[in-house]
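Residue 170 in numbering that gives the first Met the number 0 sits at position 171 of the sequence shown; the count goes up by one each step and never skips. Here a beta-carbon is modelled for each residue, glycine too, at the ideal position from N, C-alpha and C. Keep in mind the model is a prediction, meaning the values are calculated, not measured.
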Amino acid sequence: MPIATLRPASASAIARALYTAHSHALLAFFRAAHPIAKPEAIDLLQQTFTELLITLHRQPGLEIHHPRAFLFTIAHRLLRISRDRQRHRPVVDPERSPSELASRAQADDLEYQATLHADQRLLLRAMRRLTDRHCPARAEPYGISRTQILLYLRFWAGLTLIEVAEILESSPNSIASRQRRALRQLRRHVDELTATDPGAYHTSTSMLHAWRDSLDRLARISAR
0 MPIATLRPAS ASAIARALYT AHSHALLAFF RAAHPIAKPE AIDLLQQTFT
50 ELLITLHRQP GLEIHHPRAF LFTIAHRLLR ISRDRQRHRP VVDPERSPSE
100 LASRAQADDL EYQATLHADQ RLLLRAMRRL TDRHCPARAE PYGISRTQIL
150 LYLRFWAGLT LIEVAEILES SPNSIASRQR RALRQLRRHV DELTATDPGA
200 YHTSTSMLHA WRDSLDRLAR ISAR
């Protein structure tokens, strides 16, 4: 659940409270959104809270009305920058070749997936196949589609529609429409993956149905 509005307090006190409440979800976001080496994910997490502290020191008395959205906005931007740098200006570790660094990221990603339940692993694989409409995978910015990010934020991290809209700088209605399309696309990918792993089908589609049920309830509430 999101923390209530954070009113003026010391920057370190706010940062500690947000770290305790959200660091686990932020680290999972970094690791789920893209195959990534664990040290890099931890570094991105540290950068997120460093930027938070810088912002709070520069704006004394700042009230944060949506703390989770505030943090994930920073995290989303840092992930975009990180992926863009890897894509266009790869940093070469003098002790490791790019292929070795990629292998490390893949190994750490498999380690992360091993911590998930089978149905979560299958959904994660399906989510990583998501592309934006009229945008082939090779043209997506920093290798991660906005459709993927939307579902990671909305369901993997458990953010609200309003929070996701704030992070992606869009309207809640637009996000709701996009997530309905994304879930339809996700179901197709789940079906494709479970064709070769039928044992995972029931639990994965059950989770997908649970997501859809929650969306239906939200739609009925918003229509009142």
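| Query | Result |
| --- | --- |
| Buried versus exposed call for residue 120 [16 or more other C-beta atoms within 10 Å across all chains shown] | buried |
| Helix, strand or coil at residue 136 according to DSSP, with G and I counted as helix | The pLDDT assigned to residue 136 is 43, lower than 50, so where the model puts this residue is not dependable, and the model offers no usable value. |
| Check whether residue 129 and residue 74 have beta carbons under 8 Å apart | no |
| CA-to-CA distance, residue 63 to residue 148, given in whole angstroms | 23 Å |
| Rounded straight-line distance, which links the Cα of residue 192 to that of residue 26 | 26 Å |
| Residue span of the alpha helix (DSSP H) that contains residue 151, given as start and end | Where residue 151 is concerned, there is no enclosing alpha helix (DSSP H), given that its DSSP letter is neither H nor E. |
| Proximity of residue 52 and residue 20 at Cβ, strictly below 8 Å | no |
| Distance CB(residue 131)-CB(residue 34) smaller than 8 Å | no |
| Residue 116 - containing alpha helix (DSSP H), residue span | No alpha helix (DSSP H) holds residue 116; DSSP gives it neither H nor E. |
| Beta carbon of residue 174 nearer than 8 Å to that of residue 167 | yes |
| Beta-carbon gap between residue 77 and residue 47 smaller than 8 Å | yes |
| Selected residue, minimal CA-CA separation from residue 17, among 189, 69, 102, 59 | 69 |
| Per-residue DSSP class, three states only, for residue 107 | helix |
| Cβ-heavy atom distance, residue 11 to the ligand ADP, below 7 Å | In the structure on display, the ligand ADP does not appear, and there are no ligands present to speak of. |
| Residue range of the alpha helix (DSSP H) that includes residue 130 | Counting along the chain, residue 130 falls outside any alpha helix (DSSP H), and DSSP gives it neither H nor E. |
| Rounded separation between residue 29 and residue 43 - CA only | 8 Å |
| The alpha helix (DSSP H) enclosing residue 52, as first and last residue numbers | 37-57 |
| Reduced DSSP secondary structure (H/G/I, E/B, other) of residue 33 | coil |
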